[in-house]
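Participant: The following block contains the structure, expressed as C-alpha cells.
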Amino acid sequence: MSTTIPRVRFAPSPTGIMHIGNSRTALLNFLFAQQKNGVFVLRIEDTDPSRNFDPGAKIIIEDLAWLSLRFDEGPQAGGIYAPYFQSERHHIYQEKLEELIQKNLVYRCYCTEELLEKKRDRQKTLKQPPRYDRTCLKLSEQEIDEYAKNNTPFVWRFKLDSDQIIEITDLSRGIITFDLKHFSDFPLTRSDGSFTFMFSNFVDDVTMKITHVFRGEDHQSNTAGQAAMYLASGAPLPIFWHMPMLCNITGKKLSKRDFGFSLHDLRDAGYLPQAINNYLAIIGGSYTQEIMDMDELVQAIDFDHMSAGGQIKYDVEKLRWVNHEWIKRLAPHELEIATRPFLQAVYPEVGAFNDKKLAALLQEIKTDLHTLKDAVTALAFYFTAPEITKALVEQTLDATHSKAIAHLLADRLDTIEDVEGLKAATKQAGIPMKQLFWTMRLALTGQINGPGIHELITMLGVAESRNRLKAFINLFF
Ligand code: GLU
Ligand code: ZN
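Now the structure itself:
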C-alpha cells in the first residue's frame with residue numbers, strides 16, 4: 131500500500147454567489163480530508179473574466195470561513211503549489227502545453243466558431259453526435275504554413291486516440307469506462323491564447339498532486355478527456371467522485387428561484403452554519419442519528435460506500451428541522467450572539483440590551499425557533515403590548531372562566547408575581563388550571579400558547595405584566 135497523503139480540492143469559479151451545491155462539494159472534500167488526514171486545497175478558477183464577479187474570491191473565502199471549512203492550502207493560506215488563482219498560473223499551463231506539443235499530442239485548429247457551428251448543425255440534422263470532424267488534423271504542411279503566414283487565429287486541440295478505452299475509478303460508481311471514439315478532440319486554448327477549463331483544471335490537478343477529484347456529476351463528460359490527458363502525459367490518475375446533483379423537492383434541477391439555492395439566502399434567513407453542514411452531509415445517505423457536529427460527521431461518513439443514486443433532493447423543510455435542532459443545542463451566549471442581529475434589525479432598542487438580558491429572553495422561546503429570524507415573531511409581544519379586545523377574548527377563551535379569572539386577577543394585582551398563590555386561588559375557585567394559563571398568556575402576549583406564566587412575568591418584569599393584566603381586567607369592569 132502506498133502511503134500517499136490524500137489531497138483534495140475545492141475549485142470554484144468566483145461568480146459571487148456560493149450556491150448550496152457548491153457548498154456541499156466543498157464540505158464533502160473537507161470532511162474527506164479530515165477523515166483521511168489529508169490536505170484540503172482551495173483553488174480559484176478565475177480564468178473566465180466575464181464570470182469573475184468576486185475578484186480575489188473574497189466572498190468564497192468568507193463563506194468557507196462561515197461554514198468552518200478550513201483549507202490547508204489556497205489563497206491567503208499559501209502552500210507549496212502556489213499560486214492558487216488560475217489567473218496567475220498562465221505560465222504553468224503554457225509549459226504543459228509546450229510539453230504536449232513536443233510529444234505531438236495536440237494540433238492547431240483554424241476552424242472559426244462560425245464554421246464549427248455550421249458543422250454542428252449539419253451533424254444535428256444528420257442525427258450524428260456533435261463531434262469535431264478533425265479537418266485540421268488532416269491539414270498539409272503547406273496549408274499550415276499558409277495559415278501561419280497570415281497569422282490566422284487558431285486553438286490547440288488535444289488529439290484523442292479514438293481506439294482507446296479509458297477506465298477511471300469513481301468513488302460511488304466504481305470503474306467507469308469511456309470509449310474515446312465517442313468523444314471529440316477538445317480545445318486546450320482559446321483563439322486569444324488563454325486556456326480552457328478542460329486544460330487548466332487538469333494541469334492544476336496534476337501539478338497540485340490532487341489524489342481525489344470530487345466534483346459535480348455535470349463534469350463527468352469532462353473527465354473522459356481529462357483522463358486521456360493524464361494517461362498521455364504519464365501522470366497517475368486520481369480517484370474521481372462525480373457527486374449527484376441536488377434537485378428540488380419536485381425533482382427538478384435546483385435553480386436560483388428555489389429558496390435556499392444560495393448560501394446567503396440561508397444565512398440571511400437565520401440558518402446556522404452547523405445546521406447547513408449537518409444537513410448537506412447527511413442528504414444522500416441514511417443515518418440513525420441525524421444531528422451531528424463536524425467531528426461526528428467526519429467519523430460517520432463512509433466514503434467507501436457512497437450511494438450512486440441519481441439525484442439528491444434538497445428539502446428545505448428538513449433543513450429547517452435540522453436548524454431547529456441546532457438552535458436548541460446552542461449555548462445561551464451562542465444563541466444570543468447569533469440572534470442579536472436579526473432582532474436588532476427590527477427592534478433597535480435591542481442594541482441597548484446587555485448580553486445576559488437578551489440571552490435570558492431567548493432561552494424562554496428557543497424551542498419555538500426553526501430559524502434565528504423566528505425570534506423576531508416569537509419575541510414580538512415583548513416589544514409591543516398585545517391589543518386585547520373583548521371580541522378576541524370571546525373567540526379564544528371560555529366566557530365564564532375568563533370572567534372569573536379576570537376577577538381573581540383584579541384581587542391579586544398587587545402580588546401578581548406570586549404565581550403559586552394565584553394557582554392556589556384558581557384551584558380553590560374550581561377553575562381548571564389550563565384556563566388560568568391560557569387567559570394569562572393571552573393577556574400578556576396576545577396568544578394562548580407560549581412560555582410559562584412565571585417565565586413571562588420574569589421576561590416582561592412585574593410592572594409591565596401588571597399593566598397588561600390591568601388592560602385585560604378592564605375589559606370586564
Ligand atoms: N470551476 C469548476 C466548477 O466550479 C470546477 C470543477 C471541478 O471541480 O473540477 O464547476
Ligand atoms: Zn479545425
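For the sequence shown, the working numbering assigns the number 131 to the initial residue and increments by one for each residue that follows.
Even glycine gets a Cβ: it sits at the ideal position worked out from N, Cα and C.
Quick caveat: nothing in here was measured; it's all calculated off a predicted structure.
#1: With Gly551 as the anchor, note down where its beta strand (DSSP E) starts and where it stops.
#2: Pick out whichever of Met148, Gly439, His149 has its Cα sitting closest to the Cα of Gly304.
#3: Beta strand (DSSP E) containing Asp309: first to last residue?
#4: Among Asn604, Leu172, Lys600, Asp193, which has the Cα closest to the Cα of Asp395?
#5: Roughly how many whole angstroms lie between the Cα atoms of Ser392 and Asn453?
#6: Please list the segments of the alpha helix (DSSP H) lying wholly inside the segment 160-220, counting only runs of 4 or more residues, in order along the chain.
#7: Could you give the distance in angstroms between the alpha-carbon of Asn159 and the alpha-carbon of Phe140?
#8: Within the present structure, is the beta-carbon of Pro142 separated from the nearest heavy atom of the ligand GLU by less than 6 Å?
#9: Considering only heavy atoms of the ligand ZN and the C-beta of each residue, which residues fall inside 6 Å, strictly closer?
#10: Using the DSSP secondary-structure output, state which residues sit across from Ile369 in a beta bridge.
#11: Sort out for me which residues DSSP pairs Glu297 with in a bridge.
#12: How close, in whole Å, do the beta carbons of Leu543 and Arg596 come, if the pair is a contact with beta carbons under 8 Å?
#13: I think Ile546 touches Gln565, with their Cβ atoms under 8 Å apart; what is that distance to the nearest whole Å?
#14: Kindly give me the distance between the Cβ atoms of Asp300 and Ile306, rounded to whole angstroms, as I take these residues to be in contact under 8 Å.
#15: Flag Asn182 as yes when its Cβ comes closer than 6 Å to any non-hydrogen atom of the ligand GLU, and as no otherwise.
#16: Mind checking whether Arg117 and Lys339 have CB atoms under 7 Å apart?
#17: For Thr469 and Phe344, which I take to be in contact (beta-carbon distance under 8 Å), what is that distance rounded to the nearest angstrom?
#18: Report back the beta-carbon spacing between Leu572 and Thr526 to the nearest angstrom; my notes put them in contact at under 8 Å.
#19: Let's see if you can read the secondary structure: which residues bound the alpha helix (DSSP H) around Arg470?
#20: Start and end of the alpha helix (DSSP H) containing Phe332?
#21: Taking the alpha carbon of Gln577 as the reference point, which residue from Pro260, Tyr237, Val523 has its own alpha carbon closest?
#22: So is the beta-carbon of Arg345 under 6 Å away from any non-hydrogen atom of the ligand GLU?
#23: Do the segment 279-292 and the segment 347-365 make contact, defined as three or more Cβ pairs closer than 8 Å?
#24: Cβ atoms of Met424 and Ser302: under 7 Å apart, would you say?
#25: Below 6 Å CB to CB, which residues in the same chain sit around Lys311 once its five sequence neighbours on both sides are set aside?
#26: Give a single yes or no on whether Asn167 has its beta carbon closer than 6 Å to a heavy atom of the ligand GLU.
#27: Mark Gly381 as exposed unless 16 or more other C-beta atoms lie within 10 angstroms of its C-beta, in which case mark it buried.
#28: Jot down the residue ranges of each uninterrupted alpha helix (DSSP H) in the segment 401-441, minimum 4 residues, whole runs only, in chain order.
#29: Excluding the 5 residues preceding and the 5 following Leu491 in the sequence, name in chain order all residues of the same chain whose CB lies nearer than 7 Å to its CB.
#30: Taking 7 Å as the threshold (C-beta atoms), are Ile442 and Gly414 in contact?
#31: Could you pull the start and end residues of the alpha helix (DSSP H) that Val236 belongs to?
#32: Based on Cα-Cα distance, which residue from Lys249, Asp202, Tyr401 lies nearest to Glu447?
#33: Suppose the cutoff is 7 Å on Cβ atoms and the five residues either side in sequence are ignored; what does the same chain contact list for Glu455 look like?
#34: Heavy atom of the ligand GLU less than 6 Å from the Cβ of Glu203, yes or no?
#35: Quick one: complete alpha helix (DSSP H) runs, 4+ long, within the segment 237-273?
#36: Run the CB neighbour count on Val169, radius 10 Å, all protein chains shown included, and call it buried at 16 or more, exposed below.
Facilitator: In terms of the structure at hand:
#1: That residue, Gly551, is in no beta strand (DSSP E); its alpha helix (DSSP H) goes 549-558.
#2: Gly439
#3: 304-309
#4: Asp193
#5: 16 Å
#6: 188-196
#7: 7 Å
#8: yes
#9: Cys239, Tyr240, Cys241, Thr265, Cys266
#10: His342
#11: Thr307
#12: 6 Å
#13: The pair is not a contact, with the Cβ atoms about 17 Å apart (cut-off 8 Å).
#14: 5 Å
#15: no
#16: Residue coverage of the chain in this structure runs from 131 to 607, which leaves residue 117 outside it and unanswerable.
#17: Contact flag wrong, Cβ pair sits at about 34 Å.
#18: 6 Å
#19: 462-476
#20: 327-337
#21: Val523
#22: yes
#23: yes
#24: no
#25: Ser292
#26: no
#27: exposed
#28: 403-412, 424-430
#29: Leu509, Tyr512, Met589
#30: yes
#31: It is not in any alpha helix (DSSP H) - Val236 instead sits in the beta strand (DSSP E) that spans 236-239.
#32: Tyr401
#33: Ile421
#34: no
#35: 243-255
#36: buried
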